[in-house]
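Everything in the sequence shown is counted per the working numbering, starting at 3 for the first residue and increasing by one.
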Amino acid sequence: AYELAREGGDDHPWNVTTIHTQFLRKDQIPKFVAYKVRPSFYTLHTFYFADTHIANRGKEQGSYISPMRDAIDAGLRPTNHTDFVVAPLDQMMMLWSAVNRVSRSGVEVGPGQRVTAYEGLKSMTEWAAEQYGEQDSKGSLEVGKLADLVILDKDPLKVEPNDIKDIRVVETIKEGRTIYPASAAQPEPSAVALKDPDRIYAWTSHVCDMSGVNTAAGREWTLTALNGEKVHVAKPPTMLFERGRLAVFGGINRLMGSYALVNGTVTMSDLASTRMAGPPELMDLENSFAKALKSVDSFHVHGDELALSSNGDVVAVFHAAD
3 AYELAREGGD DHPWNVTTIH TQFLRKDQIP KFVAYKVRPS FYTLHTFYFA
53 DTHIANRGKE QGSYISPMRD AIDAGLRPTN HTDFVVAPLD QMMMLWSAVN
103 RVSRSGVEVG PGQRVTAYEG LKSMTEWAAE QYGEQDSKGS LEVGKLADLV
153 ILDKDPLKVE PNDIKDIRVV ETIKEGRTIY PASAAQPEPS AVALKDPDRI
203 YAWTSHVCDM SGVNTAAGRE WTLTALNGEK VHVAKPPTML FERGRLAVFG
253 GINRLMGSYA LVNGTVTMSD LASTRMAGPP ELMDLENSFA KALKSVDSFH
303 VHGDELALSS NGDVVAVFHA AD
């Protein structure tokens, strides 16, 4: 299917992820490597549904589901997911399934495809961030990235593999703030009063989405000027942002990213984009717009106008029609 889709040309890279990838054959893995296709596995099936898979598809194929070991050994950086509500939303159970590969009935399901707890954690964190193009702000604990993390009651790298599923989350921290367990003693971030309409506000989910300082979040903004020049196209880029997520229609492609407040300024993640081609004029505009977004460190919203700035200079101006 990938090769058929690429018959139209392969002059630019595709960011392709295959979801579930349940019955991936071993002979197909080299092509995943060659085409840089990223598999997102569903190892919870090895526990919840493997007995049925083996009964329906035979032991050989049913036991090779979600072959994470072979994928990693081939040089791929696979991810793992729950597909909630098909399987419970339990990250420790998901990690356990990748490490142990044991079915409900106690059958070992392709034990040769087991991974280490460390590899399993990477498939849920660092490699997952790469899959979404968010590796600059998420996926690992580093200076400059979001302080998004959990504290567990046991170390999954040190407990017995079969005990991983019993590990519990003690605390969840989002952007440096504890959100679980909720503490009555911990106040909500204070709202910022809108006393000066010309004030430049840092781009943060707190200010945009919670305090009521402005109405920028949740509205669709249409690009009217870029780098000082008015935009004159039939379908100019539009942008929607809320709670740390950024969604952009560039005129041809859709771009997704995230933003965060780091040391008082806005930090933008890399934008993950679809890879459709269009008229050169629109492609140039889209590329220039994406480049401008990466440089943004503040914004100013006043009524129906939104201006994005970089180092004090306005790089993009938007208008909301509503």
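Glycine is no exception: its CB is placed at the ideal position from the N, C-alpha and C atoms.
Because the structure is a prediction, the values reported are computed rather than measured.
**Request:** Round the Cβ separation of residue 317 and residue 298 to the nearest angstrom and send it over; I've been treating them as touching at under 8 Å.
**Result:** Numbered from 1 along the sequence shown, position 315 holds the residue referred to as residue 317. Numbered from 1 along the sequence shown, position 296 holds the residue referred to as residue 298. Here residue 317 really is in contact with residue 298; their C-beta atoms are around 7 Å apart, less than 8 Å.
**Item:** Residue ranges of each alpha helix (DSSP H) within the region 121-154, 4 or longer
**Value:** Entirely contained in the region 121-154, the alpha helix (DSSP H) runs reaching 4 residues are, in chain order, 128-133.
**Request:** Could you pull out every residue in the same chain whose Cβ sits closer than 6 Å to the Cβ of residue 151, ignoring the five residues on either side in sequence?
**Result:** Mapped onto the sequence shown, residue 151 falls at position 149. The residues are 175.
**Per DSSP, the bridge partner or partners of residue 41** = In the sequence shown, the residue the question calls residue 41 occupies position 39. Residue 41 pairs with 20.
**Request:** Would you identify the three-state DSSP class for residue 173, choosing helix, strand or coil?
**Result:** In the sequence shown, residue 173 corresponds to position 171, counting from 1. Secondary structure of residue 173 (DSSP, three-state): strand.
**Request:** Run the CB neighbour count on residue 16, radius 10 Å, all protein chains shown included, and call it buried at 16 or more, exposed below.
**Result:** Position 14 of the sequence shown, counted from the first residue, corresponds to residue 16. So residue 16 ends up on the exposed side.
**Asked** Among 249, 243 and 167, which has the Cα closest to the Cα of residue 92?
**Response** Taking the sequence shown and counting its residues from 1, one reaches residue 92 at position 90. Ranked by Cα distance from residue 92, the options 249, 243 and 167 are led by 167.
**Item:** Paired residues, beta bridge with residue 297 - DSSP
**Value:** Stepping through the sequence shown from its first residue, residue 297 is reached at position 295. Partner(s): none; residue 297 has no beta bridge.
**Message:** Please report the straight-line C-alpha distance between residue 128 and residue 142, rounded to a whole angstrom.
**Reply:** Start at 1 with the first residue of the sequence shown, and residue 128 comes out as number 126. Start at 1 with the first residue of the sequence shown, and residue 142 comes out as number 140. Residue 128 and residue 142 have their C-alpha atoms some 6 Å from each other.
**Prompt:** So the beta strand (DSSP E) residue 315 belongs to, where does it begin and stop?
**Reply:** Within the sequence shown, residue 315 is the residue found at index 313, counting from 1. That run of the beta strand (DSSP E) goes 315-321.
**Item:** At least three beta-carbon pairs within less than 8 Å, the region 123-138 to the region 48-66
**Value:** By the Cβ test, the region 123-138 is not in contact with the region 48-66, since fewer than three Cβ pairs between them sit closer than 8 Å.
**Request:** Measure the Cβ-Cβ separation of residue 8 and residue 48 and say whether it is below 9 Å.
**Result:** By 1-based counting over the sequence shown, the position of residue 8 is 6. By 1-based counting over the sequence shown, the position of residue 48 is 46. Against a cut-off of 9 Å, the Cβ pair of residue 48 and residue 8 comes out as no contact.
**Message:** Please tell me whether residue 109 and residue 149 are closer than 9 Å, where the distance is taken between their beta carbons.
**Reply:** Your numbering for residue 109 matches position 107 in the sequence shown. Your numbering for residue 149 matches position 147 in the sequence shown. Their beta carbons are not under 9 Å apart, which means residue 109 does not touch residue 149 by this criterion.
**According to DSSP, residues forming a beta bridge with residue 178** = Taking the sequence shown and counting its residues from 1, one reaches residue 178 at position 176. Per the DSSP secondary-structure output, residue 178 pairs with nothing in a beta bridge.
**Asked** Between residue 90 and the ligand GDP, is the CB less than 8 Å from at least one heavy atom?
**Response** With respect to the ligand GDP, the structure offers nothing, as it holds no ligand at all.
**Request:** Could you tell me which uninterrupted alpha helix (DSSP H) segments, each at least 4 residues in length, are contained entirely in the region 26-111, listed from first to last along the chain?
**Result:** Complete alpha helix (DSSP H) runs here, min 4: 31-37, 47-50, 52-59, 61-65, 70-75 and 93-102.
**Request:** Tell whether a beta-carbon distance below 9 Å holds between residue 132 and residue 40.
**Result:** Position 130 of the sequence shown, counted from the first residue, corresponds to residue 132. Position 38 of the sequence shown, counted from the first residue, corresponds to residue 40. Their beta carbons are under 9 Å apart, which means residue 132 touches residue 40 by this criterion.
**Item:** Cβ-based burial, residue 295 [other Cβ within 10 Å; buried from 16]
**Value:** Here residue 295 corresponds to residue number 293 of the sequence shown, with the count starting at 1. A residue is called buried when at least 16 other Cβ atoms come within 10 angstroms of its Cβ; residue 295 meets this threshold and is buried.
**Message:** Suppose you measure from the CA of residue 259 to the CA of residue 86; what does that come to, to the nearest Å?
**Reply:** Here residue 259 refers to the residue found at position 257 when the sequence shown is read from its first residue. Here residue 86 refers to the residue found at position 84 when the sequence shown is read from its first residue. Roughly 23 Å between the two C-alpha positions.
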